[in-house]
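Numbering (my numbering), first residue to last: 871 to 1579. Below: the structure, in structure tokens.
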Ligand code: LAN
């Protein structure tokens, strides 16, 4: 343990115990400073309690900072589990089975543990580790467990089989599940909705060209089209024969699979299939029967070219776990054991995470290091780590420097790629796909650390390169997307064939990305006033208007990548503050009122994962540390004057802190596409740290106003 550091020392000073002049607080939010008046301060009778709380929080913050320092990787990053989605590991297991890629016995056991650990009380498995059972994941997990050596008479497996039988067998599974079953010979290709590779040969200007899709969607359907069009499938063996009997309640040969082609059971229909989608499926089925052999071969060559390109520019990591597995399957079926296959299998190791309690989880990305490091830096800086933990910050700075993307991909347009140079990814440079908000967080953190240690700052020209990139990403509606400027109309969503994931068709504007990029651009404007100044000013205006337009009537913002309104509102509020909104801004007042109306008596906030799907606040009585931290940060930043509510939130966070300085794992608070939760391991350390540090900063500031007033 480092002795009482900067925060503690500041407390001693501000409480008058140590008579040193007060440091000006390093608050990042100018609006907050404007808003504070001596009259806002608590009554004198409360002062003693407040000071005690302040002292306790100072200690909490130091302990959390120590924990942050202890858990830093040698490369300067923070690296944690990014598991949760339950459809990923079975895909990996199927790939290894088909390609005879060996998984060690220890790993097999750890994988079995992971799959069983997610089994629900009813016997099935949900889309994510905390979700309700569905066929897609129950069937895939069942198959994976059998491939991993679990016997069919295992009692847990029997329960899983019963759940599957009671909910309609694989015939009702969402399409991605059926794709995987096809490869194993557990489903015939005539039972799939066609995925035509020929779409890639269409003229690029056509609104339905796949190059217009959200990059994650297009990169999944790309290899899926190859596997579909080549009818990739292994020859049935005894295990597959046995599985055919275990999974279906009728003899395999008697099932009319084609008749169930578009069937999705209620458990798997998380998003409705719409009429245009149903019509498109019919049209695809007709087209499939008309495609000449030569055209198919040409289309397959083009698809393979795109797959190989993706693998080569991502060091075989691919953009995400699903296309990583599907691309590897393409390589396997094309050239078993060949070089592209081997390279991809080695890269796939990055997607596996061994937990402390002996489970092996498949990760939602190769890692989340850049994202975590940027937030760890900002929270640590708010907590005064530049004095107490300079070494930690120095190493983290190195990670930012080493993982900025330095080049565009070659022949970008031909491969439907946008500029990359100057951006930051979510994970690391090897992965190479830049993301708008990761770039903004990387940029902000780099400025922060560069100001602190100019001698090790990232060279100015490299920071300047992020600015045109952030400008380039702005959508026509004024908001910011994730990876690429929106390329297709929102109407494409009516063709969403997944049944499971919402908003996958195009790259929409998001409150989170918009808020963060706006904050970065405001800082860019100050730091590099000569850099694209007119465009930056215009982008900020349009972005600010978009962000304001997204505030809901109840005062909240909807989050898309975190659960849910506490997350979105934190970004909404922070974005407006970055634009200079004051605490008297009606939007900020409404946001605070919204948050206060959902605070629990114990000071915490708790929102269910289902808030994201239902698009309305679903309360959980047990407050969540991370959501409480987001809410508290929003209240502090918006200059809300309900100090009592803030104090209760602070107490809630302090009470939950573990002896090691961190906070225990609670439910998952990451989400994607409204339905699938994902675990951000470090959120429970740097967000409470950040909230407590900003609260402490605010107290110190109040004390100084009190003293001078
Ligand atoms: C991610 C991870 C990072 C995340 C943030 C940067 C946090 C966010 O602010 C923007 C969106 C982004 C980039 C994001 C989008 C969706 C991803 C890629 C994921 C949640 C990780 C896994 C998920 C991906 C779609 C999973 C595969 C499933 C499909 C439906 C294709």
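No residue lacks a Cβ here, since even glycine has one placed at the ideal position from N, Cα and C. All figures in this text were calculated on a predicted structure; none of them were measured in a lab.
Check: Option nearest residue 960 by Cα separation, candidates 1047, 1250, 1061 and 1369; Outcome: 1047
Check: Residue 1542 beta carbon near the ligand LAN (any heavy atom closer than 6 Å); Outcome: yes
Check: Candidates 1378, 1433, 1478 and 977, of which the one nearest residue 1358 by Cα; Outcome: 1378
Check: Exposure of residue 944, with buried meaning 16 or more beta-carbon neighbours within 10 Å; Outcome: exposed
Check: Secondary structure of residue 1489, DSSP reduced to three states; Outcome: strand
Check: 7 Å Cβ cutoff met for residue 1354 and residue 1085; Outcome: yes
Check: Inter-residue Cα distance where the pair is residue 1437 and residue 1349; Outcome: 17 Å
Check: Supposed contact pair residue 938 and residue 1215 - C-beta distance, whole angstroms, cut 8 Å; Outcome: Not a contact, Cβ separation roughly 34 Å.
Check: From 1388, 1317, 1434 and 1162, residue whose alpha carbon lies closest to that of residue 1251; Outcome: 1317
Check: Pairwise C-alpha distance: residue 1159 and residue 1559; Outcome: 59 Å
Check: Residue range of the unbroken beta strand (DSSP E) whose run includes residue 1231; Outcome: 1230-1232
Check: Backbone secondary structure at residue 989 - three-state DSSP; Outcome: strand
Check: Proximal residues to residue 1174 (C-beta, below 8 Å), its chain only, five neighbours per side dropped; Outcome: 1096, 1200 and 1204
Check: Rounded distance between the beta-carbons of residue 1138 and residue 1369, thought under 8 Å; Outcome: 6 Å
Check: Euclidean distance between Cα positions of residue 1297 and residue 1222; Outcome: 14 Å
Check: Check: residue 1000 C-beta below 6 Å from any heavy atom of the ligand LAN; Outcome: no
Check: Of the residues 1360, 1519, 965 and 1456, the one placed nearest residue 1078, counting alpha carbons only; Outcome: 1360
Check: Residue 1548 - containing beta strand (DSSP E), residue span; Outcome: 1546-1548
Check: Whole-angstrom C-beta distance between residue 1044 and residue 1006, which should lie under 8 Å; Outcome: 4 Å
Check: Residues sharing a beta bridge with residue 1313, DSSP; Outcome: Looking at the DSSP assignment, residue 1313 forms no beta bridge with any residue, so it has no partner.
Check: Contained beta strand (DSSP E) runs [length at least 3] in the segment 1180-1251, N- to C-terminal order; Outcome: 1222-1224 and 1230-1232
Check: Heavy atom of the ligand NAP within 6 Å of residue 1201 beta-carbon; Outcome: Looking for the ligand NAP in the displayed structure turns up nothing; the ligands present are the ligand LAN.
Check: Residue 1257, buried or exposed, once every other Cβ within 10 Å from all chains shown has been counted against 16; Outcome: exposed
Check: Sheet register partners of residue 1556 (DSSP bridge); Outcome: None; residue 1556 has no bridge partner.
Check: Cβ-based burial, residue 1451 [other Cβ within 10 Å; buried from 16]; Outcome: buried
Check: Where the alpha helix (DSSP H) containing residue 1254 begins and where it ends; Outcome: Premise fails: residue 1254 is in no alpha helix (DSSP H) and is neither H nor E.
Check: Residue 1605 - DSSP class collapsed to helix/strand/coil; Outcome: Coverage of the chain is limited to positions 871 through 1579, which leaves residue 1605 absent and any answer about it impossible.
Check: Distance cut-off 6 Å: residue 1226 Cβ against heavy atoms of the ligand LAN; Outcome: no
Check: Status (buried if at least 16 other CB within 10 Å, exposed otherwise) for residue 1529; Outcome: exposed
Check: Inter-residue Cα distance where the pair is residue 1561 and residue 1245; Outcome: 12 Å
Check: Under the three-state DSSP convention, the category residue 967 falls into; Outcome: helix
Check: Spatially closest choice to residue 1279 from 1568, 1292 and 1347, by CA coordinates; Outcome: 1292
Check: Any non-hydrogen atom of the ligand LAN within 6 Å of residue 1086 CB; Outcome: yes
Check: Identity of the residue in 1272, 1346 and 1326 nearest residue 1301 by Cα; Outcome: 1272
Check: Distance between residue 1475 and residue 1409 (C-alpha atoms, nearest Å); Outcome: 34 Å
Check: Where the beta strand (DSSP E) containing residue 1541 begins and where it ends; Outcome: 1540-1542
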